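Step one of this worksheet: look at the structure below.
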Amino acid sequence: MFEAQFQTFDEPEGGTALAARLAAFREEIVQRGLAGFIVPRGDSQQNEYVAPSEERLAWLTGFTGSAGLAMVTVREAALFVDGRYTLQAGQQVDTTAWSIQPLTDPPPEQWLTQHLKDGERFGFDPWLHTTAGAERLASACEKAGAELIAVESNPVDAIWSERPAPPLGPVKVHTLALAGESEADKFERIRAEMDRLGLDALVLSDSHAVAWTFNIRGADVAHTPLPLSYALLPKNGQPTIFIDSRKLSNEARAHLASLAEISGPEALLAALNATAKGDAVIGLDSATAADALSRAITAAGGSPRRVTDPITQLKAIKNDTEIAGTRAAHRRDGAALARFLAWIDHEAPGGTLTEIDAVEALETFRRDTGALKDVSFPTISGTGANGAIVHYRVTRKSNRRIQPGDLLLIDSGAQYEDGTTDVTRTIAIGTPSAEMRDRFTRVLRGHIAVARAIFPDGTHGVQIDALARQFLWQAGLDFEHGTGHGVGSYLSVHEGPARISKLGHVPLRRGMILSNEPGYYKTGAYGIRIENLELIVEAKIDGAEKPMDTFETLTLAPIDRRLIDVAQLSDDERAWIDAYHARVRTEIRPLVDEATKVWLEAATEPLA
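The numbering used here runs 14 ahead of the 1-based position in the sequence shown.
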């Protein structure tokens with residue numbers, strides 16, 4: 015019935031192909047006089063989603079998650095992943111050849127120190143690591159009596175005979191009607207931050223920052239409209255943008271030429287060399303700038319200064335135009351979600367649908383809006399035990415039939431030119447068990463606690479994170495991921511710098527958009543997550559002695575009433591759910607067909 019457009023469901027190559035690659039990789043590093051090498055999951059800008067030509071970790075190991083790294087020595091090989099991907103890694107990787115290790119505690123550098131020998135040389139690609147990351151590797155090598163070696167070319171590329179070519183996605187101007195702020199005004203604000211930081215120039219090493227600053231979007235990576243590029247902003251004078259000219263239409267070229275000098279990516283190092291002379295202080299984003307850039311500036315006599323890219327904070331706070339756009343995007347998306355949820359409720363109890371069927375249907379309903387540019391990440395559609403894999407990605411091999419008695423967890427999002435969405439709903443197929451309802455209600459109460467929170471402007475996300483977990487903690491339960499991440503404006507669905515998590519130490523400011531997504535996962539049985547996007551707005555409180563904020567919920571989609579144990583709820587919690595559902599009904603009902611309206615009325619009835 016449905017035809018997928020944006021997502022594929024193929025398994026990565028495995029078995030003998032991966033074993034041969036690991037053997038060939040070891041041969042290559044030995045020929046280079048190295049005892050080991052590190053292969054991160056990332057590109058030269060630390061992007062979350064990378065072009066196929068940069069998927070070195072997946073090609074070598076079979077692991078397709080969005081966070082991880084591999085360390086290979088002549089004796090052992092280890093894959094490091096965070097808690098979201100532990101189960102997935104175990105399914106995708108040959109565990110007879112690779113050990114699976116935690117990504118953060120203990121850190122991978124500890125493993126490196128324990129597995130290198132005195133006098134050995136360990137290699138890394140300075141384009142794929144930040145300077146801070148390179149320093150941690152060097153320290154770990156030093157503790158083992160080994161030496162860290164920066165290579166000129168990546169050994170994975172030397173053996174990857176069918177490596178795809180770099181992308182050439184077309185660049186499009188993101189008009190003022192969508193961006194809400196001119197490039198000249200953005201330059202002025204950025205340069206004010208450069209003055210504050212004492213910089214002679216700033217390198218934009220993050221394509222998100224380039225896209226936001228120059229009001230352009232692209233198509234070089236999946237799910238995020240990025241034009242892979244760099245820029246150099248001097249304190250005075252014209253900026254330079256470094257981008258492959260083959261991506262530029264006449265309109266895009268004229269737009270950029272009015273703002274900056276246009277050069278190819280290969281000209282970046284020469285421009286840094288010219289700018290760095292005379293001990294110029296050049297700012298490098300500590301989170302995305304490759305160590306190779308710092309090395310180039312130092313070699314030319316300049317002073318690289320690690321900073322938090324000021325653009326990260328500037329673009330996180332949405333302007334009035336972007337806020338209006340995201341509200342419109344969420345209404346449009348809510349209508350597609352209502353059609354999907356009504357369809358699932360009608361079709362799934364028959365036991366004929368699969369996880370892939372659900373993905374294809376939801377993408378089709380979104381395409382039917384006529385405004386969808388891409389999904390904002392690969393849709394997570396997990397039923398039964400697959401739902402317990404936090405960042406599960408269905409393949410044709412893992413595809414599971416949706417059966418009565420299951421929970422279906424579907425986490426998805428869309429990229430529209432006026433806004434980016436991200437929403438998770440857990441759906442009961444048939445009659446849920448008492449345990450499922452208990453766990454779902456605990457997750458829901460945590461979600462409501464975050465949504466209703468009132469907090470001083472500048473509160474850190476870590477201070478809100480516990481609100482989402484409190485009812486799970488009371489039963490000795492928890493979830494192993496953050497409660498919320500920032501979201502861009504037709505940019506990354508996972509945007510910094512703010513987040514709601516145990517590590518969320520960035521102040522929350524009005525105009526930021528964050529997710530609210532507590533969950534619970536019972537390994538081998540089911541998964542639960544409830545996710546809405548929230549806009550930070552002023553909390554208007556009579557007599558308040560300091561600026562106070564709260565959240566405005568942007569997502570408009572019913573929460574499955576069949577999974578709610580109403581007896582657990584307080585009067586305030588029940589009132590919140592009823593008010594939320596009334597708002598969903600009011601805003602979405604005019605946008606859907608008659609059959610979906612009937613379903614929507616029932617799905618948003620007040621709780622009994």
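A virtual CB, placed ideally from N, CA and C, is assigned to each residue, including glycine. Every value quoted in this text rests on a predicted model; they were computed, and no experiment measured them.
Distance from the Cα of Ala-223 is smallest, within the candidate group Thr-409, Ile-424, Arg-353 and Pro-511, for Pro-511. Here Gln-429 is buried, its C-beta having at least 16 other C-beta atoms within 10 Å. As a beta-bridge residue in DSSP terms, Asp-425 pairs with Ile-394 and Thr-438. Nearest C-alpha to Phe-391 among Glu-377, Pro-116 and Ala-399: Glu-377. In the structure shown, Met-85 falls within a strand segment according to DSSP collapsed to helix, strand and coil. Arg-524 carries a coil assignment under DSSP once its states are collapsed to helix, strand and coil. Where Lys-536 is concerned, the enclosing beta strand (DSSP E) starts and stops at 533-536. Taking a C-beta distance under 8 Å as the contact criterion, His-461 and Pro-363 do not qualify as a contact pair.
In this structure, the straight-line span from the alpha carbon of Thr-340 to that of Val-507 is close to 12 Å. Proximity of the stretch 262-279 to the stretch 287-297 falls short of the contact definition, fewer than three beta-carbon pairs being nearer than 8 Å. Proximity to Pro-169 across Ser-412, Ala-49, Gly-251 and Ala-92 peaks at Ala-49, based on C-alpha coordinates. Within the same chain, Pro-121 and Glu-123 come within 8 Å of Arg-150 by CB-CB distance, once the 5 residues on both sides are set aside. Sequence-distant Cβ neighbours of Asp-420 in its own chain, meaning closer than 6 Å and more than five residues away, are Thr-397, Gly-398 and Ile-443.
The three-state reading of DSSP puts Phe-469 in strand, counting E and B together. Looking at the DSSP output, Glu-509 shares a beta bridge with Gly-500. In this structure, the straight-line span from the alpha carbon of Thr-326 to that of Thr-435 is close to 19 Å. Across the structure, Glu-619 and Trp-590 are spaced so that their CA atoms are roughly 13 Å apart. Sorting Arg-205, Asp-220 and Phe-354 by C-alpha distance to the C-alpha of Asp-214 places Arg-205 at the top. If you look at Leu-286, you'll find it in the alpha helix (DSSP H) that goes 282-290. Under the three-state reduction of DSSP output, Lys-249 falls in the coil class, being neither helix nor strand.
DSSP places Asn-546 in the uninterrupted beta strand (DSSP E) bounded by 546-552.
Per the coordinates, the alpha-carbon of Arg-98 lies some 20 Å from the alpha-carbon of Leu-74. Between Ile-337 and Met-526, the CB-CB gap reaches or exceeds 8 Å.
Here the stretch 345-352 does not lie against the stretch 537-549, with fewer than 3 beta-carbon pairs under 8 Å apart. Looking only at Ala-310, Asp-425, Leu-386 and Ser-308, the smallest Cα-Cα distance to Leu-355 is reached by Asp-425.
The beta-bridge partner set that DSSP reports for His-237 is empty. Note that the C-beta distance between Ser-277 and Thr-254 is below 8 Å. Short of 7 Å from the beta carbon of Arg-309, and not among the five residues preceding or following it, lie these beta carbons of its own chain, in chain order: Pro-140.
Using a Cβ distance threshold of 8 Å, Pro-572 and Val-598 count as a contacting pair. Between Tyr-504 and Gly-401, the gap from beta carbon to beta carbon reaches 8 Å or more. The distance from the Cβ of Val-457 to that of Gln-21 is about 26 Å, inconsistent with a contact at the 8 Å cut-off.
Assignment of Glu-431 by DSSP, reduced to helix, strand and coil, places it in the coil class.
As for any alpha helix (DSSP H) of minimum length 4 sitting wholly inside the stretch 92-149, the runs are 100-106 and 122-129, ordered along the chain. A distance of 8 Å or more separates the beta carbons of Thr-78 and Gln-105. Bounds of any alpha helix (DSSP H) do not take in Leu-298; it lies within the beta strand (DSSP E) bounded by 295-299. A direct Cα-Cα distance of roughly 35 Å separates Cys-155 from Thr-497.
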